[in-house]
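This report concerns only the one structure given below.
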Amino acid sequence: MEQQKLPNVTLALVLAILGFVCCCFGGVPGILFGGIAFFLATKDEKVYKENPENYSNYSTLKTTKTVSIVVLIIGILYLAYSIYGIMSIGGWDAYMEQVQIMTEQYSQ
Numbered sequence: 018m019e020q021q022k023l024p025n026v027t028l029a030l031v032l033a034i035l036g037f038v039c040c041c042f043g044g045v046p047g048i049l050f051g052g053i054a055f056f057l058a059t060k061d062e063k064v065y066k067e068n069p070e071n072y073s074n075y076s077t078l079k080t081t082k083t084v085s086i087v088v089l090i091i092g093i094l095y096l097a098y099s100i101y102g103i104m105s106i107g108g109w110d111a112y113m114e115q116v117q118i119m120t121e122q123y124s125q
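Residue numbers (the numbering used here): 18 to 125.
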């Protein structure tokens with residue numbers, strides 16, 4: 018029988034890479050894209066385990082799952098760091114005030 022490819026591996030890999038690129042924006046995009054990629058990879062892993070002889074791209078699935086876990090971890094750490102940074106300054110208003118000062122300073 019001809020082997021087929023798992024249905025969501027490519028989409029999950031693209032989302033994991035996109036999450037890796039975007040996790041520096043407060044951590045939220047990394048968590049979002051990494052979470053979706055991990056969910057899709059886990060779903061495909063269950064499909065693979067039912068009939069492993071029918072599918073050919075299991076190694077890509079393992080890579081995708083690893084990348085999505087790394088993206089989730091980086092996103093969570095960066096989000097925690099962002100929240101800590103905002104709270105250590107004195108809250109959101111103080112943070113925005115500091116951003117405004119830095120913007121004025123560097124735009125001259």
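Just so it is clear, CB atoms sit at the ideal spot from N, CA and C, and this is done for glycine as well.
- In terms of Cβ geometry, residue 55 and residue 89 form a close pair [threshold 8 Å].
- Between the segment 29-49 and the segment 86-103, the count of Cβ pairs shorter than 8 Å is three or higher; the stretches touch.
- Assignment of residue 115 by DSSP, reduced to helix, strand and coil, places it in the helix class.
- By the CB criterion at 8 Å, residue 23 and residue 101 fall outside the cutoff.
- Counting only residues of its own chain and dropping the five nearest sequence neighbours on each side, residue 25 has a CB closer than 8 Å to the CB of 57, 58, 60, 61.
- Looking at the DSSP output, residue 122 bridges to nothing.
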